[in-house]
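The opening residue of the sequence shown carries number 6 in the working numbering; numbering runs sequentially from there. Quick reminder that beta carbons are idealized off the backbone N, C-alpha and C, glycines included. Source: prediction; values computed, not measured.
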Amino acid sequence: MGGSTFDVPRLEDLGDVDGRRVLVRTDFNVPIHDGVITDDLRIRASLPTLEWLMERGAAVTACSHLGRPKGHPDPRYSMAPVRQRLEELLPGVELMENLRFDPGETADDPAFVARLIEGQDLYVNDAFGASHRAHASIVGPPRFLPSAAGRLLEKEVEILGGMRSSPRRPFVAILGGAKVSDKLGVIEALSAIVDRLLIGGGMCFTFFKALGHEIGDSICEDDYVESARRLL
6 MGGSTFDVPR LEDLGDVDGR RVLVRTDFNV PIHDGVITDD LRIRASLPTL
56 EWLMERGAAV TACSHLGRPK GHPDPRYSMA PVRQRLEELL PGVELMENLR
106 FDPGETADDP AFVARLIEGQ DLYVNDAFGA SHRAHASIVG PPRFLPSAAG
156 RLLEKEVEIL GGMRSSPRRP FVAILGGAKV SDKLGVIEAL SAIVDRLLIG
206 GGMCFTFFKA LGHEIGDSIC EDDYVESARR LL
């Protein structure tokens with residue numbers, strides 16, 4: 006691939022998709038306020054993959070999580086606003102309801118995987134932001150269906166690979182999010198190659214506690230304070 010750092014099957018590796026049913030795992034975890042999407046960037050970022058498949062005759066079904074509904078239906082996390090926006094941007098794509106309405110998603114339940122892939126011929130993962138999770142929709146379908154990475158996932162992995170192999174200096178990484186546990190592996194990997202690593206978001210309080218600071222009622226993963234201390 007001309008020095009590419011990407012060695013996962015691409016869309017082209019799926020072969021002829023005309024008439025095939027393709028399940029696409031997207032990351033449509035977009036901000037919604039009063040039923041209105043306030044930033045549709047993640048939806049638009051999926052369009053190159055969805056368009057590529059549809060232009061070649063595939064019947065596309067997208068699936069995604071939205072928020073943390075704790076394994077049961079919750080109207081606050083309905084995919085309805087996302088479905089409406091997706092229909093405006095690219096008519097013809099089916100969109101499943103929130104994957105996390107079923108506890109089988111986060112548990113990687115084989116029965117849930119079976120329901121998810123029923124009737125599907127191919128699988129595409131284009132959910133870079135969720136691919137670190139061992140959830141049913143991420144790790145389940147590739148066990149049973151010919152699979153490939155979507156354009157967004159391919160692009161993000163290429164960028165990360167380039168940063169690791171030949172980063173521009175000074176190399177400063179900024180990480181956010183609520184949980185250190187979700188980012189621990191990334192933090193450890195980046196620590197070996199960056200010049201500075203800046204921690205923001207809710208997980209900064211776990212590091213503050215590791216430094217001995219008072220954090221009041223701020224979010225903190227007490228089980229990871231010692232891990233955070235080792236990284237400082």
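Given residue i as reference, the closest of the options once Cα atoms are compared
{"i": "Arg234", "options": "Val185, Leu195, Gly206", "result": "Val185"}
{"i": "Gly62", "options": "Val98, Ser152, Glu219", "result": "Val98"}
{"i": "Pro96", "options": "Ala119, Ile48, Arg73", "result": "Ile48"}
{"i": "Arg173", "options": "Asp200, Glu163, His38", "result": "Asp200"}
{"i": "Val144", "options": "Glu161, Arg30, Gly20", "result": "Arg30"}
{"i": "Arg148", "options": "Leu58, Ile122, Ile198", "result": "Ile122"}
{"i": "Pro115", "options": "Ser136, Asp12, Ser142", "result": "Ser142"}
{"i": "Tyr82", "options": "Arg169, Asn34, Ile204", "result": "Asn34"}
{"i": "Val1", "options": "Lys160, Ala64, Asp113, Arg90", "result": "As displayed, the chain neither begins before 6 nor continues past 237, which places residue 1 out of reach and without an answer."}
{"i": "Leu150", "options": "Met168, Ala135, Asn130", "result": "Asn130"}
{"i": "His38", "options": "Gly72, Tyr229, Ile204", "result": "Gly72"}
{"i": "Met208", "options": "Val162, Asp45, Glu226, Val118", "result": "Glu226"}
{"i": "Gly167", "options": "Leu195, Gly190, Pro146", "result": "Leu195"}
{"i": "Arg169", "options": "Arg120, Ile198, Thr211", "result": "Ile198"}
{"i": "Glu163", "options": "Phe133, Pro146, Gly190", "result": "Phe133"}
Residues sharing a beta bridge with residue i, DSSP
{"i": "Thr66", "result": "Leu28, Glu99"}
{"i": "Leu180", "result": "Ile204"}
{"i": "Tyr128", "result": "Leu28, Ser152"}
{"i": "Ile37", "result": "Ile42"}
Burial state of residue i (16 or more Cβ within 10 Å)
{"i": "Lys214", "result": "buried"}
{"i": "Ala139", "result": "exposed"}
{"i": "His70", "result": "buried"}
{"i": "Lys188", "result": "buried"}
{"i": "Glu231", "result": "exposed"}
{"i": "Glu92", "result": "exposed"}
{"i": "Ile224", "result": "exposed"}
{"i": "Thr43", "result": "exposed"}
{"i": "Val22", "result": "buried"}
{"i": "Ala19", "result": "According to the sequence provided, residue 19 is Leu. The question's Ala does not apply to it. Leu19 should be labelled buried."}
Contact belief for residue i with residue j at Cβ below 8 angstroms, rounded distance in angstroms
{"i": "Ile192", "j": "Leu236", "result": "6 angstroms"}
{"i": "Leu28", "j": "Cys68", "result": "7 angstroms"}
{"i": "Asp3", "j": "Ala135", "result": "The displayed coordinates of the chain run from 6 to 237. Any statement about residue 3 would go beyond what the structure contains."}
{"i": "Thr66", "j": "Arg26", "result": "7 angstroms"}
{"i": "Pro146", "j": "Val118", "result": "7 angstroms"}
- Would you be able to state if there are at least three C-beta pairs under 8 angstroms between the stretch 47 to 57 and the stretch 150 to 160? yes
- Hey, is the stretch 85 to 101 in contact with the stretch 126 to 133, meaning 3+ C-beta pairs nearer than 8 angstroms? No: the two stretches stay apart, fewer than three of their Cβ pairs being nearer than 8 angstroms.
- Query: Do the stretch 99 to 106 and the stretch 169 to 182 meet, that is, are 3 or more Cβ pairs less than 8 angstroms apart?
  - Reply: With a cut-off of 8 angstroms, the stretch 169 to 182 and the stretch 99 to 106 do not count as touching, because too few Cβ pairs lie within range.
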